[in-house]
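Same order as they appear, the protein sequences are chains X and H. Using this note's numbering, you'd call the opening residue of the first sequence number 225 and step up by one each time. Using this note's numbering, you'd call the opening residue of the second sequence number 792 and step up by one each time. In what follows, a structure is listed as structure tokens, so that the remarks can point back to it.
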Amino acid sequence: SQTIHQWPATLVQPVGSPLSLECTVEGTSNPNLYWYRQAAGRGLQLLFYSVGIGQISSEVPQNLSASRPQDRQFILSSKKLLLSDSGFYLCAWSRSPRGTEQYFGPGTRLTVT
Amino acid sequence: DAKTTQPNSMESNEEEPVHLPCNHSTISGTDYIHWYRQLPSQGPEYVIHGLTSNVNNRMASLAIAEDRKSSTLILHRATLRDAAVYYCILRGAGYALNFGKGTSLLVTP
Numbered sequence: 225s226q227t228i229h230q231w232p233a234t235l236v237q238p239v240g241s242p243l244s245l246e247c248t249v250e251g252t253s254n255p256n257l258y259w260y261r262q263a264a265g266r267g268l269q270l271l272f273y274s275v276g277i278g279q280i281s282s283e284v285p286q287n288l289s290a291s292r293p294q295d296r297q298f299i300l301s302s303k304k305l306l307l308s309d310s311g312f313y314l315c316a317w318s319r320s321p322r323g324t325e326q327y328f329g330p331g332t333r334l335t336v337t
Numbered sequence: 792d793a794k795t796t797q798p799n800s801m802e803s804n805e806e807e808p809v810h811l812p813c814n815h816s817t818i819s820g821t822d823y824i825h826w827y828r829q830l831p832s833q834g835p836e837y838v839i840h841g842l843t844s845n846v847n848n849r850m851a852s853l854a855i856a857e858d859r860k861s862s863t864l865i866l867h868r869a870t871l872r873d874a875a876v877y878y879c880i881l882r883g884a885g886y887a888l889n890f891g892k893g894t895s896l897l898v899t900p
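Structure below.
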């Protein structure tokens with residue numbers, strides 16, 4: 225069966241510090257990978273998606289970047305965090321580029337102080 | 792993607808059926824209707840999806856109106872573990888799942 229992992233589960237970082245969130249998927253190959261953010265009281269917003277190693281597409285302009293160094297690894301980064309980067313970050317995967325079902329990880333709650 | 796409208800909240804008693812409505816009057820002919828749910832402090836979980844016909848799976852049933860302008864997610868026997876925010880999403884050709892605010896379901900014993 226497939227599983228998706230995210231870490232850390234929670235993170236408190238000062239403004240201006242760097243960020244690295246990691247997501248890995250097990251039990252499948254060539255997954256399509258996604259990073260979403262959920263701000264307090266709001267819906268999920270797609271930040272990045274990837275259909276293969278090194279292939280990253282950004283949905284919205286922002287202070288964040290993403291990388292996919294391995295087939296089942298997806299990393300979300302920032303060089304300098306802003307207060308507005310606080311939120312619940314979710315990684316997801318699907319079997320096809322516009323896969324019907326997306327499977328979400330447990331999420332990382334980031335608080336920028 | 793077309794927009795969906797859901798009630799902000801609903802309440803149900805444990806072990807009773809729950810009907811969660813969703814309106815999507817501007818749905819296009821190729822949009823699939825998806826339902827996800829999100830428990831507190833967890834990632835969303837896929838529940839069910841359909842295009843035109845009613846669908847059943849182990850978690851729920853999806854009833855789709857004949858004109859496809861509305862749909863209803865049916866939980867046959869609500870349990871306390873079904874308390875969550877339920878999202879009705881129209882899935883077109885894009886990569887993103889456009890989660891709105893959903894319906895917060897409260898299940899009382």
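Every residue gets a Cβ at the ideal spot worked out from N, C-alpha and C, and that includes glycine. Quick caveat, the model's predicted, so the values are computed rather than measured.
Quick one: does the C-beta of residue i sit closer than 6 angstroms to a heavy atom of the ligand GDP?
i: residue 251 of chain X; result: Annotation note on the ligand GDP: not contained in the displayed structure, which lists no ligands.
DSSP three-state label for residue i, please.
i: residue 828 of chain H; result: strand
i: residue 803 of chain H; result: strand
i: residue 308 of chain X; result: helix
i: residue 872 of chain H; result: helix
i: residue 331 of chain X; result: coil
i: residue 840 of chain H; result: strand
i: residue 260 of chain X; result: strand
i: residue 266 of chain X; result: coil
In chain order, what residues of the same chain have a beta carbon less than 6 angstroms from the beta carbon of residue i, not counting five sequence neighbours either side?
i: residue 876 of chain H; result: 829, 893 and 895
Between residue i and residue j, which are expected to be in contact by the criterion C-beta below 8 angstroms, what is the C-beta distance as a whole number of angstroms?
i: residue 853 of chain H; j: residue 824 of chain H; result: 7 angstroms
i: residue 837 of chain H; j: residue 325 of chain X; result: 5 angstroms
i: residue 315 of chain X; j: residue 259 of chain X; result: 6 angstroms
Using a Cβ-Cβ cutoff of less than 8 angstroms, which residues in the same chain neighbour residue i once the five nearest sequence positions on both sides are dropped?
i: residue 795 of chain H; result: 813, 814, 815, 879, 880, 881 and 891
i: residue 851 of chain H; result: 826, 838, 839, 864, 865, 866 and 867
i: residue 799 of chain H; result: 892, 894 and 895
i: residue 317 of chain X; result: 226, 228, 249, 252, 255, 256, 257, 258, 326 and 327
i: residue 897 of chain H; result: 800, 801, 802, 803 and 874
From this set, the options, which residue's C-alpha is nearest residue i's C-alpha?
i: residue 884 of chain H; options: H/801, H/818 and H/797; result: H/818
i: residue 293 of chain X; options: X/274, X/334, X/266 and X/270; result: X/274
i: residue 872 of chain H; options: H/889, H/899, H/834 and H/841; result: H/899
Near residue i, which residues of its chain fall below 7 angstroms by C-beta distance, leaving aside the five closest residues on each side in sequence?
i: residue 307 of chain X; result: 239 and 336
i: residue 856 of chain H; result: 862
The beta strand (DSSP E) with residue i in it runs from where to where?
i: residue 812 of chain H; result: 809-814
i: residue 226 of chain X; result: Note, residue 226 of chain X: premise wrong, no beta strand (DSSP E); not H, not E.
i: residue 237 of chain X; result: 234-237
i: residue 898 of chain H; result: 894-899
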